[in-house]
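Everything in the sequence shown is counted per our numbering, starting at 1 for the first residue and increasing by one.
All residues carry an ideal CB built from backbone N, CA and C; glycine is no exception.
Read through the structure below, which is laid out as structure tokens, and then see the notes.
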Amino acid sequence: MTMLVAFGVAALPVVAVYLAPVLGVSAASAALLTAVYGIGNLAGSAGVMARPIRQRPDQAMAWYAGFLALALVLVAASGSFHFALAAYFVTGCINAYFFAATLAARTEYAPEQGKGQVYLWIGALKIAAGSAGTAVAGMVVTGSTMLALWIAVAAVVIAPGVSRIDQQAP
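Spelled out as structure tokens, the structure:
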């Protein structure tokens, strides 16, 4: 789930550049969309500190991935710049909760003797997946801003399903 979600949300800064003019504002306003996403991440982090996640990490990750998919749909449905700002903020908030759940999962499920290695590998894979998401968004966004967003939504929607299948495997 970590990699698929990282792939999906990595499209947001690229999409912002193309979405801003569609919403009737300058492309430079994309910086504000991206900044508001970051502010949402900060607000979500404060929320996690104020009220820590109480679900099992794997359950929390699945829920937050679902909420992230909905937030990305809100970005795609943005008909105004103000709505897009709100959608980027909400996406950032939810992403902070998702990230906290991934850290809890690493702590909970990694074998004791390999915790450090698990953190490193998942971190590296997350960076690679985010880079791939940015690259894919950059390749398709010139043809269709919405295609880049729908690919992001698909990746995030698929994440809990793939995780569930993996949990069912013998």
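- The C-alpha of leucine 149 lies about 16 angstroms from the C-alpha of asparagine 95.
- Distance from valine 75 to tyrosine 88 at the Cβ level is roughly 7 angstroms; contact confirmed, criterion being Cβ atoms closer than 8 angstroms.
- Shortest Cα-Cα distance from valine 5 to any of Lys126, Ala135 and Ala35 involves Lys126.
- Between glycine 123 and isoleucine 39, the CB-CB gap reaches or exceeds 8 angstroms.
- In this model, leucine 12 and glycine 133 are separated by some 9 angstroms (Cα to Cα).
- In this structure, valine 157 sits near alanine 69, with a CB-CB distance shorter than 8 angstroms.
- For serine 163, the enclosing alpha helix (DSSP H) starts and ends at 145-168.
- In terms of Cα proximity to valine 90, the closest of Gly161, Ser26, Leu42 and Leu120 is Leu42.
- Measuring C-alpha to C-alpha distances from methionine 49 to each of Pro160, Tyr97 and Leu72 identifies Tyr97 as the nearest.
- Rounded to whole angstroms, the gap between the alpha carbons of phenylalanine 81 and alanine 31 is 12 angstroms.
- Taking 4 residues as the minimum length, the alpha helix (DSSP H) runs contained wholly in the stretch 37-100 are 57-76, in order along the chain.
- Taking phenylalanine 67 as the centre and dropping the five residues before and after it, the same chain places the C-beta of Ile94 closer than 6 angstroms to its C-beta, in chain order.
- Distance from the CA atom of proline 111 to the CA atom of aspartate 58, rounded to whole angstroms, is 16 angstroms.
- In the three-state reduction of the DSSP assignment, methionine 139 falls in the helix class.
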